[in-house]
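Down below is the structure, laid out as structure tokens.
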Amino acid sequence: MGDTNSNNGNNTNTNNKKPEWLQQYDLLGKIGEGTYGLVFLARIKSSTNRGKSIAIKKFKQSKDGDGVSPTAIREIMLLREISHENVVKLVNVHINHVDMSLYLAFDYAEHDLYEIIRHHRDKVNQSISQYTVKSFLWQLLNGLNYLHSNWIIHRDLKPSNILVMGEGDEQGVVKIADFGLARIYQAPLKSLSDNGVVVTIWYRAPELLLGAKHYTSAVDMWAVGCIFAELLTLKPLFQGAEVKATPNPFQLDQLDKIFKVLGHPTLEKWPTLANLPHWQQDVQHIQGHKYDNTGLNTVVHLPIKSPAYDLLSRMLEYDPRKRISAAQALEHEYFRNDPLPGRNALVSPNDKAVNYPTRPVDRTTDFEGTTSLQPSQPVSSGNAVSGNIPGAHGGTLRSGPRQMPVGGMQRMQPQAMQAFNNLASQPGMGSGMNPGGIPMQRGLPNQGHQQQQVRRKDTGMGMSGYPPQQKSRR
Amino acid sequence: MAANFWTSSHYKQLLDQEEVDVVHPLDKEKGITLEDFKHIKMHMANYIWKLAQHVKVRQRVVATAVTYMRRVYTRKSMTEYDPRLVAPTCLYLASKAEESTVQARLLVFYLKKLYTDEKYRYDRYEIKDILEMEMKILEALNYYLVVFHPYRALSQLLQDANLNDISMTQLTWGLLNDTYKMDLILVHAPHLIALACIYIASVLREKDTTAWFEELRVDMNVVKNISMEILDFYENHRMITDDRIIAAFSKLNLKP
């Protein structure tokens, strides 16, 4: 991965002198834009993967003269370690030493759930087939289960971050995208609105809205529940109006939207509720409202007894500790009933395929992000540019590229990641006393180790060691 | 990033000692021996530690920075990748990767401040040099940034062995810090390095850990070999004088 020759990169503005790494692609145009940079669509020229589409995310240089943004570092770091069919694949990293810009190349996905939902709602005016909804959901959970078992929380799951592959080998396969733009999430929530970054609040779990300091993978499951409902009804489930103040304003309206549908949370159902900052502080407003009719089934038009409703209500469980996990959800009855979920979520044996529009490509923007493409830049005309609503929900412009979804993932807990956590083989450990989760088994035959004896005792070992109580350990 | 060391890029990238002990042809041309190579890396590790104390980052950031530095020199020459720039830049990159970003400005400030007691002119570089080197290091690391360190395993193993008193904790922690003066982190799984530190410490402190070690499913030969390497290092360490390091640096003939 990466290329070492890019420092003879020359001026990227000059068409003939494109940096070497860029010459392996035909740049088609811009498909997205966000706080952190631009996203381009390109095709591979090389004979092996000829014509394969690639999405290239260019990170802006940081303005404060502080090199590669920590956000980009975190995204790269994470994506280099993970590999799963339902997680977007990082195929290359490129550096342009001339202007110190960084590019991440991903397998391109033609669709995403945001566009698919919108297409059904606004264009074909017909719900998404049961098979497709179930297949999307299953694959989303499958990818999420992989991430969660690797102690990664996405933290910004929303329809526009759930990609779906277009025509090709992987048609209809779901890919979770947008990792690592999560530096700002390090201190949970605090930074959601810092830096003016707009992140939709509609998929945010109630514990976060109520100011929980620590969050768990359950926040992603809440978002999955919201997405599930949206796939069924084609409308966002909890469409609260965002309070745009910094930092981290209290989102009363969003909570109110949730309470209206799910009823008011109670201490019996959610004991730790009492500890949440906003619950304590804002007694009149939150605790003042009283909704107790749970109308979820009527909102999503599902019979209370149906497996789909059961699964959904377990995802939308108030208490994060009781909320269903991705692993449990994959085992749910819903996925064992007909129609069974499939790999190609778009085409089922029984339904006729829906033709979803392709992404609009802004062909006037080159990698510099501002100038026009050189005339000789190969611009394929194959892509139909169909109307996509770009960016955030709530009806922004119809033309132009979408806002690059921000937010992303981060490890569950910094400390928890530090070493070998308990995912690795526990078998044989019995007691659960696996130090560091190191896969070592007890009670196996001694491997030739008889008596400990170190050859010599060094007296003046010059151990300049830094004892643990130094503050640097913090 | 994954929580599982055995599926991590760190595990897949572990090298044999012979692969680590290769002096780059460009450095060889200048007369750099394997000894020189090791001494310079050790000096850099010390320097990174010193710098880290000033910018106040956790031990883990230091350990990651030193690991990056050692990985870089399995692929790149010191002639082309000036140690005096690579050392602070690795700390800079590690601080981002470990979520405790240090500003380049601050690093450069301390590079200059530390100069007074450094003989090797770490101070000649400016912010823009660090930013340029950051990208070159990212490339040299092939964008693999997750490093697993033995510290967490160490404290958990000590606890498991019921050896987590202050004396043992301090001794093993110190031993472990010193292992970063060697290339062990490139060669061995972190928990084995932690076990070697416990092994040495338990002998020094005359703790009987035989039974405990026997219960672990680890290859004790590897643990013992690592222990020997650490002890060899201490023995040789006394012979590494400033003069020898200056001599090694001067062979590189770096710009003043």
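Chains as they are written, first to last, in UniProt numbering: chain A, 1 to 474; chain B, 1 to 256. Beta carbons: idealized from backbone N, C-alpha and C, even for Gly.
Tell me whether residue i is buried or exposed, calling it buried when 16 or more other Cβ atoms sit within 10 Å of its Cβ.
i: PRO25 of chain B; result: exposed
i: ASP99 of chain A; result: exposed
i: GLU229 of chain B; result: buried
i: ARG411 of chain A; result: Because ARG411 of chain A sits at a pLDDT of 42, beneath the cut-off of 50, its placement in the model cannot be relied upon, and the following sentence gives the value as read from the coordinates. By the 10 Å Cβ count, ARG411 of chain A comes out buried.
i: LEU14 of chain B; result: exposed
i: ASN145 of chain A; result: buried
i: HIS120 of chain A; result: buried
i: ALA353 of chain A; result: exposed
i: residue 283 of chain B; result: The requested residue 283 of chain B does not occur in the structure, where chain B is confined to residues 1 to 256.
i: THR64 of chain B; result: buried
i: PRO271 of chain A; result: exposed
i: ALA55 of chain A; result: buried
i: GLU268 of chain A; result: exposed
i: LEU34 of chain B; result: exposed
Provide the residue span of the alpha helix (DSSP H) that contains residue i, from first to last.
i: ASP253 of chain A; result: 252-262
i: HIS278 of chain A; result: 277-281
i: SER9 of chain B; result: 9-13
i: SER135 of chain A; result: 130-149
i: PHE249 of chain B; result: 242-252
i: VAL187 of chain B; result: 184-187
i: ARG321 of chain A; result: Here ARG321 of chain A belongs to no alpha helix (DSSP H), and DSSP marks it neither H nor E.
i: ILE200 of chain B; result: 190-204
i: ARG43 of chain A; result: Careful: ARG43 of chain A lies outside any alpha helix (DSSP H), inside the beta strand (DSSP E) at 37-44.
i: SER227 of chain B; result: 220-237
i: LEU209 of chain A; result: 206-209
Give a yes or no on whether the minimum CB-CB distance between residue i and chain A is below 8 Å.
i: ASN4 of chain B; result: yes
i: GLN103 of chain B; result: yes
i: MET135 of chain B; result: yes
i: ILE185 of chain B; result: no
i: LYS28 of chain B; result: no
i: LYS50 of chain B; result: no
i: SER250 of chain B; result: no
i: GLU139 of chain B; result: yes
i: MET1 of chain B; result: At MET1 of chain B, the pLDDT of 43 sits below 50, so the modelled position is not reliable and the matter cannot be decided from this model.
i: residue 258 of chain B; result: Since the first residue of chain B shown is 1 and the last is 256, residue 258 of chain B is not available in this structure.
i: LEU114 of chain B; result: no
i: VAL146 of chain B; result: yes
i: SER167 of chain B; result: no
i: ILE127 of chain B; result: yes
i: GLU19 of chain B; result: no
i: SER77 of chain B; result: no
i: LEU131 of chain B; result: yes
i: TYR73 of chain B; result: no
i: TYR110 of chain B; result: no
i: residue 325 of chain B; result: This structure cannot speak to residue 325 of chain B, because chain B is shown only from 1 to 256.
i: TYR47 of chain B; result: no
i: TYR68 of chain B; result: no
Distance cutoff 8 Å, beta carbons only. Does residue i sit that close to anything in chain B?
i: PRO19 of chain A; result: no
i: LEU444 of chain A; result: Reliability of the predicted coordinates at LEU444 of chain A is poor, the pLDDT of 39 falling under 50, and the value obtained from them is presented with this limitation in mind. It does: the Cβ of LEU444 of chain A has a partner Cβ on chain B nearer than 8 Å.
i: HIS97 of chain A; result: yes
i: GLU81 of chain A; result: yes
i: ILE73 of chain A; result: yes
i: ASP194 of chain A; result: Confidence is the limiting factor: at ASP194 of chain A the pLDDT is only 37, short of 50, which leaves the residue's position unreliable, though a coordinate-based value still follows. For ASP194 of chain A, the answer is no, since every Cβ of chain B falls outside 8 Å of its Cβ.
i: GLY65 of chain A; result: yes
i: VAL93 of chain A; result: yes
i: VAL68 of chain A; result: yes
i: ILE258 of chain A; result: no
i: MET77 of chain A; result: yes
i: MET221 of chain A; result: no
i: MET315 of chain A; result: no
i: GLY430 of chain A; result: Bear in mind that a pLDDT of 34 at GLY430 of chain A, under 50, signals an unreliable position, so the model cannot answer this.
Tell me the residue span of the beta strand (DSSP E) that contains residue i.
i: ASP107 of chain A; result: 101-107
i: ASN96 of chain A; result: 90-96
i: ARG343 of chain A; result: Taken as a continuous stretch (DSSP letters only), ARG343 of chain A belongs to no beta strand (DSSP E), as it is neither H nor E.
i: VAL174 of chain A; result: 174-176
i: VAL164 of chain A; result: 162-164
Please give me, in chain order, every unbroken run of the beta strand (DSSP E) with length at least 3 that falls completely inside the UniProt domain "Cyclin-like" (46-139) of chain B. none
Going along the stretch 144-161 of chain A in order, which residues come within less than 7 Å of chain B, judged by CB to CB distance? ASN150, TRP151 and ILE152
Which residues, in order along the stretch 165-176 of chain A, keep a beta-carbon less than 9 Å from a beta-carbon of chain B? none
If the cut-off is 8 Å on Cβ atoms, which residues from the stretch 80-103 of chain B count as contacting chain A, listed in chain order? TYR92, LEU93, LYS96, ALA97, GLU99, THR101 and GLN103
Could you name each continuous alpha helix (DSSP H) segment of 4 residues or more that falls completely within the stretch 47-79 of chain A, going from the start of the chain to the end? 70-79
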